[in-house]
Structure formats: C-alpha cells, structure tokens
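S.K.:
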Amino acid sequence: MTRTARSVFLLLSLTMVVFGPAPQGWAEEARKPNIVFILVDNLGYGDIGAYGGGELRGAPTPNIDQLAAEGLRLTNFNVEPECIPSRSALMTGRMPIRSGLDGPVAKPGNGTGLSPWEVTLPELLKLAGYRTAMYGKWHLGEQNGRLPNDQGFDEWWGFPKSSGETLRELQPGWTPEVSPNQPLLEGRAGQSSHRVGVYDLAMRPLMDEMITERSVAYIREQAGSKQPFFLYVPFSLPHSPPLPNPKFADKSKTDYQNALREIDANTGAILDVLASTGIADDTIVVWASDNGPETLQGIGVQYGAQADSGPFRGEFPSAWEGAIRTPAIIRWPGRIPANRTSNEMVSITDFYATFARMAGVESSIPRDRAIDSVDQTDLFLGQATQSKRDHVMFFYDHTLLALKWRNMKVHFQVRNPADGTVRAAGQGVVNGYAMSLNYPWVFNLENDPKELWNLGGTSEWIGPPVAQIQSRYFRSLAQFPNLQPGQVKPAQPQ
Ligand SMILES: [Ca+2]
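Okay, so the sequence shown: first residue is 38 according to our numbering, each after it adds one.
(1) Check the C-beta distance from L184 over to L158 and give it rounded, since I have them as a contact under 8 angstroms.
(2) Buried or exposed: G347, going by 16 or more other Cβ atoms within 10 Å of its Cβ?
(3) State yes or no: is the C-beta of H435 nearer than 7 angstroms to some heavy atom of ligand 1?
(4) Please tell me whether L274 and V77 are closer than 8 angstroms, where the distance is taken between their beta carbons.
(5) Taking a contact to mean a Cβ-Cβ separation below 8 angstroms, would you say R171 touches Y82 in this structure?
(6) Just reading off the alpha helix (DSSP H) that L109 is part of, what are its end residues?
(7) Which ranges would you report for the beta strand (DSSP E) in the region 318 to 368 if only whole runs of at least 3 residues count?
(8) Would you call R443 buried or exposed, if buried means 16 or more other Cβ atoms sit within 10 Å of its Cβ?
(9) So, helix, strand or coil for M472, using DSSP?
(10) Inspect the CB distances between the region 359 to 374 and the region 92 to 100 and report whether three or more fall short of 8 angstroms.
(11) What does the Cβ neighbour count give for F417, buried or exposed, with the cut at 16 atoms within 10 Å?
(12) Give me, in chain order, the residues of the same chain whose beta-carbon lies closer than 6 angstroms to that of W154; leave out the 5 immediate sequence neighbours on both sides.
(13) To test your reading of the DSSP string, which unbroken beta strand (DSSP E) runs of 3 or more residues are found completely within the region 245 to 303?
(14) With burial defined as no fewer than 16 other Cβ atoms inside 10 Å of the residue's Cβ, what is the status of W211: buried or exposed?
(15) Under 7 angstroms from any heavy atom of ligand 1, does the C-beta of H276 make it?
(16) Buried or exposed: P209, going by 16 or more other Cβ atoms within 10 Å of its Cβ?
(17) With DSSP collapsed to three states, give me the class of P70.
(18) Determine the direct distance from the alpha carbon of K284 to that of E160, and round the result to whole angstroms.
(19) Give the straight-line distance between the Cα atoms of I300 and D245, rounded to the nearest whole angstrom.
(20) Is N328 near ligand 1 - that is, is its Cβ less than 7 angstroms away from at least one heavy atom of it?
(21) When you compare the CB positions of L80 and S326, do they come within less than 8 angstroms of one another, or not?
(22) In three-state terms, what does DSSP make of F196?
(23) Return the Cβ separation of M382 and S424 in integer angstroms, given the expectation that the two are a contact with Cβ distance under 8 angstroms.
(24) Taking Cβ to Cβ, would you say Y167 is nearer than 8 angstroms to P265?
(25) Measure the C-alpha to C-alpha separation of P370 and P213 and round it to an integer number of angstroms.
(26) Assign P145 to buried or exposed, taking buried as 16 or more other Cβ atoms, counted over all protein chains shown, within 10 Å of its Cβ.
(27) Look at the alpha carbon of T414 and the alpha carbon of V215, and state the distance between them as a whole number of angstroms.
(28) Per DSSP, which one or two residues make a beta bridge with W442?
(29) Do you know offhand how far R251's Cα is from L489's?
(30) Check whether the Cβ atoms of A32 and F190 lie closer than 8 angstroms to each other.
(31) Who are the near neighbours of W193 in its chain, counting only those whose CB is closer than 6 angstroms to its CB and skipping five residues on each side?
(32) Among W175, K163 and L164, which residue has its Cα nearest to the Cα of S125?
(33) With a threshold of 16 other CB atoms inside 10 Å of the CB of Y470, please say whether the residue is buried or exposed.
(34) Does DSSP put P403 in a helix, a strand or coil?
(35) Does the structure place the region 468 to 485 close enough to the region 507 to 521 that three or more beta carbon pairs sit under 8 angstroms?
(36) With DSSP run on the structure shown, which of helix, strand or coil describes Y88?
In structure tokens:
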C-alpha cells in the first residue's frame, strides 16, 4: 500500500460509516420498520413547544410535543446552512459539498440538481424491499432525470423548488412569460414527471393541506401491505411566505403563528392515521427542520413575531447555531425509549447509514465515494449514550464556514444577517454578508450557546485536532473528488 493509499484508508476508517453488530434480536424482526420522515422548512429551534416555543409563542404545538414525549428529542441535531444542502445531505449521507450542492446552486435551465449518480436513501431502502413515496418540496433539481421519481421514489407529488417563488406575482414588473410560476408536478418511477398544476400565490396557503392529504392516503393504502414503506413528507411551511391554510387563519395571530399551528395539526393528522391503521408501533417517525429561521421577506409579510432560533444566535444561511441546529424528534414505540433527550451530536447525514442498518442494507452503502453518514442506531435505540460522531463541518458556497468538534466550535468565515434590528422585511437574509476573520473565532457551545465570547486567543490548543479533521477531508478529495455543480459524475482522481 502506498503512503497515499494508506492515508486514504486511514481516512476512510475514521470518517466513513462505523458499523457495529446488529442489536439483539434484530435479525428475528419479521417486519422492517416503516419510516415516515417529516421535514419542515426554515423552522427555528425555539418555535415548537417541545423546544421551548409553542404556547410561549402563542402557537401551541400539542401533537409535535406529544411525539417528542413518546420518543427521542435531539438537542444537538445539525443540519446544513440552507434548504438545498440539507436536503442533499439527507438524501445522500454525504456533505453537500461532495455533491456540488453546498449552496443555492440549483439554477433554472442548467441541469443542476442532485446528480443521478448519487445513491439516495430511498434507493438504498428499495434494495431492502421498501416502497417509497414523497409529497412536498424537493429542491434538488427541476428537470426530468433529476426529480424524486428519478432518485428512488416510486411516486411523488409536489414542487421542485422554493415556496418563495410564489411571491413573484406581487413583485412590480413581473411577467410570467420571462419568469413563469413554478409547476406542480407528479411522477412515477420509470416515467417522466408531468405537470398537474401551478404553485402560485393562491396555491401557497393550500400546499401543506394537500401534502398531508396525500401522505395520509398513502399510509392508509400501505398499512395492509407486507412490504415496508418509506414516506418522505417535506412540508412547505413555515418557509416564506408563511401563509397558513384559511382553516388556521386566526386574525388575532400572525401568519407565522398560524402556520405553526397548521404544521402541528398536519403532523397530528399523519400520526392519527398511523394509529388508526394499527401501524404506529411498526413505524419510525422523524420530525425535523431543514435549517433555522429566516428573516421573512417580501410584500405582505407581517413584521415581527416570526421564526425563532431559541437559545441560539443567527439565521440562515450561515453556520451560527441558530441556522444549523434545529429540532429533531424520533419515535419508534417500544424500540426507541420514550421521553428521552440527548444532547449528543447528530448530523442530518446520519439518517442514511442509520436507516440502512435498520433496514438491513448497510452492506449496500456505496464504497466508491466518500460517505459522511454515521450509523446512530445504538444512540437512537438507547443502547449507547454517546454519539459515534465527534465533529461536523459546515460548508457553504465552496467555503468552510465552521467546524464543530466536541463542545467547541471554530468559525473560519462568518455569515451575518444585516446589522441591527430588522427595519424592513427581507433585510436579514437578503442583505446579509460574508465576513472574513483575521483568526478563527472559537466558542464553547455548552458554556456559551449563543456564541458571544470568542475564545480564539485563549484556546489555541484546539488548533491541532481541528486541523487534523480538515486535513482528513482535504486528503479525501484525492480519492473522491467533489462533484461540481451540474456535473453528473466526479472526475477521475489524478
Ligand atoms: Ca429551508
């Protein structure tokens, strides 16, 4: 083995999926668990009751809080700085920079989006005999060949991009000829997706109800099947514009508060059908947010009382905790101990290896690419108290913004919202800026969750372990080059 090969091997041993033995009795399980993955859009850590919001925010979330009480509540769940990277990480188990999706790069017409070369989570689960479906927001490509039915889902219905586009028709000068509204699409594996409507402003408040109806119908339809299913439910709320369904439009509340109440009710409808069809005990439910809050934008946005990052600083797109730490609840009755909280470090990439193991297809995780996912089965099942992960790297727009290691965090470049209080809607996200640092900023996240006290000058010792993690990543590129935006396959290593 050459020196390079040896170091790459070492790197893989350290950074790739760590498999343990199957838990006791695992193989005897007659039925693989169904998986329902609910992902909300731009909801902050402090928004729901189980994380200190809910009623405090004038928007009780009893269904989500109950789900948390019945399962595992993660308090150190790490996502990516923005929608596309987070969804890429969930689907691939890879840091989105490896997939060319570490920023807002899925531009119309240039064929970008998740490469068909990627082996997605639903593709893995299909190898384990799962049926797969998705209803809601994709945001990983908008053209045939890059849509959910091309990427492992048997069927899907939803919209390919961001809900923010529904505001276009209110914007002065807009004409649909040059900037058409986003289509609503539907598709099945092996066929092209086809247009079934338009996602415009009139449709925006109705979107999550339609997602919920389809999800409930799918669960009802699958409940009697011998095959397990994976249902991915990426809701559109509370992303801007957070317009709730008219059924939830309480005039004494803000749109955002009403949107939170609607999300809770829709979550409840999905949980109810799992119970009424008798499959709740056979079903893992995950409820998480893809990234932290945004300063809501656009015409008609109500001021104030919007998404909240709880005890953390910042908003998306950044690597402040407020952006990259979101709620994540996991329930599996009888298997995942109820009413448990863990502050162990988990990444959104970790569901890939964890579900692969739970479904018995961990040996099918590809070996011809870097996989950053860590199997967290033991932590989730309460058979381990510690995460197998000790760090997360946060890239955005081809830049390493920050690295979390143990309870410490090092920022290399800072992304900030506009300074001061928000004076105009859209000021934060749209007017935000990148800031280079003379020396990295270091924070002790347990002692200082708000990342206010830079310990860079007094924590110089942290340099070597953090540099080692960075080196391992950069060395991994020699064997597994990153995909560039729009690229289908990685270039051969030199
Ligand atoms: Ca998002």
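Yeah, the Cβ is synthetic: ideal placement off N, Cα and C, and Gly gets one too.
M.R.: Quick look at the numbers:
(1) Wrong, their Cβ atoms sit about 16 angstroms apart, outside the cutoff.
(2) buried
(3) Look at H435: its beta carbon is at least 7 angstroms from all of the heavy atoms in ligand 1.
(4) yes
(5) The question names Arg, yet the displayed sequence has Met at residue 171. Not in contact: M171 and Y82 (Cβ atoms no closer than 8 angstroms).
(6) Counting along the chain, L109 falls outside any alpha helix (DSSP H), though it belongs to the beta strand (DSSP E) covering L109 to L111.
(7) 320 to 326 and 365 to 368
(8) exposed
(9) strand
(10) no
(11) buried
(12) V525 and K526
(13) As far as the region 245 to 303 is concerned, its whole beta strand (DSSP E) runs of at least 3 residues are 266 to 271.
(14) exposed
(15) yes
(16) exposed
(17) Coil at P70, not helix or strand.
(18) Taking the CA atoms as reference points, E160 sits about 37 angstroms from K284.
(19) 8 angstroms
(20) yes
(21) yes
(22) strand
(23) 5 angstroms
(24) yes
(25) 49 angstroms
(26) Annotation note: pLDDT 49 at P145 (below 50); position unreliable, coordinate value reported separately. Exposed, because fewer than 16 other Cβ atoms sit within 10 Å of the Cβ of P145.
(27) The alpha-carbon atoms of T414 and V215 are separated by roughly 48 angstroms.
(28) Its beta-bridge partners are H428 and M445.
(29) If I take the Cα positions, the gap works out to 44 angstroms.
(30) Nothing can be reported for residue 32: it is not among the residues displayed for the chain, which extend from 38 to 531.
(31) The beta carbon of W193 sits closer than 6 angstroms to the beta carbons of M171, P185, N186 and G224 from its chain, once the five residues preceding and following it are set aside; these are given in chain order.
(32) W175
(33) exposed
(34) coil
(35) no
(36) helix
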